[in-house]
Amino acid sequence: MDEDTHYDKVEDVVGSHIEDAVTFWAQASSVLGNLDPNKIYGGLFSEDQCWYRCKVLKIISVEKCLVRYIDYGNTEILNRSDIVEIPLELQFSSVAKKYKLWGLHIPSNQEVTQFDQGTTFLGSLIFEKEIKMRIKATSE
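Have a look at this one:
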(Lines of atoms letter the chains of each structure in order from A and count residues from 1; the text may use other names and numbers.)
(Lines give C-alpha, C1' and ligand atoms only; values in the text may rest on other atoms or scores of the structure.)
Protein backbone atom coordinates (compact mmCIF):
# COMPACT_ATOMS: atom_id res chain seq x y z
CA MET A 1 0.00 0.00 0.00
CA ASP A 2 1.05 3.66 -0.11
CA GLU A 3 2.85 3.85 3.25
CA ASP A 4 4.58 0.48 2.81
CA THR A 5 8.10 0.66 1.40
CA HIS A 6 8.79 -3.08 1.73
CA TYR A 7 8.07 -3.96 -1.91
CA ASP A 8 8.54 -7.56 -3.05
CA LYS A 9 8.76 -8.77 0.56
CA VAL A 10 6.97 -12.08 1.13
CA GLU A 11 5.13 -12.49 4.44
CA ASP A 12 3.10 -15.35 5.93
CA VAL A 13 -0.25 -13.94 7.04
CA VAL A 14 -3.79 -15.03 7.87
CA GLY A 15 -6.72 -13.08 6.44
CA SER A 16 -8.74 -11.42 9.20
CA HIS A 17 -11.20 -9.06 7.46
CA ILE A 18 -12.49 -8.48 3.93
CA GLU A 19 -13.22 -4.79 3.40
CA ASP A 20 -14.33 -4.88 -0.24
CA ALA A 21 -13.66 -6.79 -3.46
CA VAL A 22 -9.98 -5.76 -3.54
CA THR A 23 -9.12 -4.77 0.04
CA PHE A 24 -8.47 -7.05 2.97
CA TRP A 25 -6.78 -7.08 6.36
CA ALA A 26 -4.39 -9.79 7.53
CA GLN A 27 -2.54 -10.73 10.69
CA ALA A 28 0.79 -12.46 11.15
CA SER A 29 0.48 -16.22 11.02
CA SER A 30 1.44 -18.48 13.92
CA VAL A 31 5.14 -18.92 14.65
CA LEU A 32 6.68 -21.93 12.97
CA GLY A 33 9.82 -23.61 14.26
CA ASN A 34 11.56 -22.85 17.53
CA LEU A 35 10.41 -20.04 19.78
CA ASP A 36 13.14 -17.67 20.97
CA PRO A 37 12.86 -16.76 24.69
CA ASN A 38 14.65 -13.45 24.01
CA LYS A 39 12.21 -12.38 21.30
CA ILE A 40 8.95 -10.47 21.68
CA TYR A 41 5.88 -12.06 20.11
CA GLY A 42 2.18 -11.31 19.91
CA GLY A 43 -0.03 -13.44 22.15
CA LEU A 44 -3.81 -13.83 22.01
CA PHE A 45 -5.02 -13.14 25.57
CA SER A 46 -7.74 -15.62 26.56
CA GLU A 47 -9.89 -13.18 28.57
CA ASP A 48 -10.59 -10.61 25.85
CA GLN A 49 -9.29 -12.27 22.66
CA CYS A 50 -7.03 -9.26 21.98
CA TRP A 51 -3.38 -9.37 20.95
CA TYR A 52 -0.68 -8.27 23.41
CA ARG A 53 3.10 -8.33 23.32
CA CYS A 54 4.57 -11.31 25.16
CA LYS A 55 7.72 -13.34 25.78
CA VAL A 56 7.89 -17.11 26.02
CA LEU A 57 8.92 -18.14 29.55
CA LYS A 58 8.66 -21.91 29.15
CA ILE A 59 7.76 -24.42 26.47
CA ILE A 60 5.42 -26.85 28.21
CA SER A 61 4.73 -29.19 25.29
CA VAL A 62 4.74 -29.19 21.50
CA GLU A 63 1.46 -27.25 21.55
CA LYS A 64 1.58 -25.23 24.82
CA CYS A 65 3.81 -22.40 26.09
CA LEU A 66 3.87 -20.27 29.22
CA VAL A 67 4.11 -16.59 28.22
CA ARG A 68 4.39 -13.29 30.09
CA TYR A 69 2.54 -10.29 28.66
CA ILE A 70 5.39 -7.81 28.91
CA ASP A 71 3.34 -4.63 29.05
CA TYR A 72 1.22 -5.82 31.99
CA GLY A 73 3.21 -8.54 33.79
CA ASN A 74 0.57 -11.28 33.84
CA THR A 75 1.21 -14.79 32.56
CA GLU A 76 -0.84 -17.52 30.94
CA ILE A 77 -0.46 -20.76 29.04
CA LEU A 78 -1.12 -20.34 25.31
CA ASN A 79 -1.46 -22.69 22.38
CA ARG A 80 1.38 -22.16 19.92
CA SER A 81 -1.25 -21.21 17.35
CA ASP A 82 -2.03 -18.16 19.55
CA ILE A 83 1.57 -16.86 19.37
CA VAL A 84 2.56 -14.79 16.33
CA GLU A 85 5.54 -12.85 15.01
CA ILE A 86 5.25 -9.08 15.34
CA PRO A 87 6.96 -6.32 13.31
CA LEU A 88 10.36 -4.96 14.33
CA GLU A 89 8.86 -1.58 15.24
CA LEU A 90 6.98 -3.33 18.08
CA GLN A 91 10.14 -5.01 19.39
CA PHE A 92 10.92 -2.50 22.16
CA SER A 93 11.27 -2.78 25.93
CA SER A 94 8.31 -3.72 28.08
CA VAL A 95 6.08 -1.03 29.52
CA ALA A 96 5.39 -2.78 32.85
CA LYS A 97 8.17 -3.26 35.41
CA LYS A 98 8.29 -5.61 38.40
CA TYR A 99 8.28 -4.15 41.93
CA LYS A 100 8.22 -5.57 45.47
CA LEU A 101 7.16 -3.95 48.72
CA TRP A 102 10.20 -2.86 50.76
CA GLY A 103 11.01 -4.87 53.88
CA LEU A 104 8.28 -7.46 53.35
CA HIS A 105 8.49 -11.08 52.28
CA ILE A 106 6.13 -14.03 52.02
CA PRO A 107 6.85 -16.63 54.74
CA SER A 108 7.54 -20.12 53.44
CA ASN A 109 4.82 -21.59 55.68
CA GLN A 110 2.13 -19.16 54.45
CA GLU A 111 -1.37 -20.61 54.14
CA VAL A 112 -3.02 -20.31 50.74
CA THR A 113 -5.97 -18.31 52.11
CA GLN A 114 -3.66 -15.75 53.74
CA PHE A 115 -1.68 -15.47 50.51
CA ASP A 116 -4.89 -14.95 48.51
CA GLN A 117 -6.13 -12.36 51.01
CA GLY A 118 -2.83 -10.47 50.80
CA THR A 119 -2.93 -10.54 47.01
CA THR A 120 -6.53 -9.28 46.99
CA PHE A 121 -5.69 -6.51 49.47
CA LEU A 122 -2.66 -5.32 47.48
CA GLY A 123 -4.81 -5.35 44.34
CA SER A 124 -7.46 -3.20 46.05
CA LEU A 125 -4.78 -0.63 46.88
CA ILE A 126 -3.00 -0.36 43.53
CA PHE A 127 -4.68 -2.17 40.62
CA GLU A 128 -5.58 0.31 37.86
CA LYS A 129 -4.91 3.22 40.23
CA GLU A 130 -2.31 5.93 39.87
CA ILE A 131 0.06 5.70 42.83
CA LYS A 132 3.25 7.36 44.05
CA MET A 133 6.11 5.16 45.21
CA ARG A 134 9.61 5.62 46.51
CA ILE A 135 12.31 3.31 45.15
CA LYS A 136 14.41 2.02 48.08
CA ALA A 137 16.60 -0.56 46.31
CA THR A 138 16.89 -2.52 43.10
CA SER A 139 17.73 -6.16 42.52
CA GLU A 140 18.25 -8.35 39.51
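Using UniProt numbering, the letters of the sequence shown map in sequence onto residues 1 to 140. Ideal Cβ placement from N, Cα and C applies to all residues, glycine included.
1) When the distance is taken between beta carbons, is G123 closer than 9 Å to A96?
2) Per DSSP, which residues does I70 bridge with? Please list them.
3) Suppose you measure from the CA of V56 to the CA of Q117; what does that come to, to the nearest Å?
4) Going by DSSP, which residues form a beta bridge with A137?
5) Buried or exposed for I135, please, with buried defined as at least 16 other CB atoms from any protein chain shown within 10 angstroms of its CB.
6) When the Cα atoms are used, what is the spatial distance from S30 to N109?
7) In chain order, which continuous runs of the beta strand (DSSP E) of length 3 or greater are located wholly inside the UniProt domain "Tudor" (34-93)?
8) If the criterion is Cβ atoms closer than 9 Å, does the pair D82 and G43 meet it?
9) Which residues share a DSSP beta bridge with V18?
10) Please report how far the alpha carbon of E63 lies from the alpha carbon of C50, in whole angstroms.
11) Using the rule of at least 16 other Cβ atoms within 10 Å of the residue's Cβ for burial, across every protein chain shown, is Y99 buried or exposed?
12) Short of 8 Å in beta carbon distance, which residues of its chain neighbour I86, apart from the five on each side in sequence? Order them along the chain.
Walking through what the data contain:
1) For the purposes of this step, residue 96 is identified with residue 96 of the sequence shown, where counting begins at 1. For the purposes of this step, residue 123 is identified with residue 123 of the sequence shown, where counting begins at 1. It is not a contact, given that the beta carbons lie outside the stated cut-off.
2) Translated into the one-based positions of the sequence shown, residue 70 becomes position 70. Answer by DSSP bridge pairing: none, since I70 is not bridged.
3) Against the sequence shown, residue 56 aligns to sequence position 56. Against the sequence shown, residue 117 aligns to sequence position 117. One C-alpha to the other measures close to 29 Å.
4) The residue labelled residue 137 in the question sits at position 137 within the sequence shown. A137 pairs with nothing; no bridge assigned.
5) Stepping through the sequence shown from its first residue, residue 135 is reached at position 135. The residue in question, I135, is exposed, as its Cβ has fewer than 16 Cβ neighbours within 10 Å.
6) Counting from 1 along the sequence shown, the entry for residue 30 is found at position 30. Counting from 1 along the sequence shown, the entry for residue 109 is found at position 109. Distance between the alpha carbons of S30 and N109 is about 42 Å.
7) 41-44, 51-59, 64-69, 75-79 and 83-85
8) Counting from one through the sequence shown, the residue named residue 82 turns up at place 82. Counting from one through the sequence shown, the residue named residue 43 turns up at place 43. Yes.
9) For this step, residue 18 is matched to residue 18 along the sequence shown. It is Ile, not Val, that sits at residue 18 in the sequence shown. Bridge partners of I18: F24.
10) The residue given as residue 63 occupies position 63 in the sequence shown. The residue given as residue 50 occupies position 50 in the sequence shown. Answer to the nearest angstrom: the Cα atoms are 20 Å apart.
11) Here the question's residue 99 lines up with position 99 in the sequence shown. Residue burial is scored here from C-beta neighbours: Y99 has fewer than 16 other C-beta atoms within 10 angstroms and is therefore classed as exposed.
12) Locating residue 86 in the sequence shown gives position 86, where the first residue counts as 1. The residues are A28, I40, Y41, G42 and R53.
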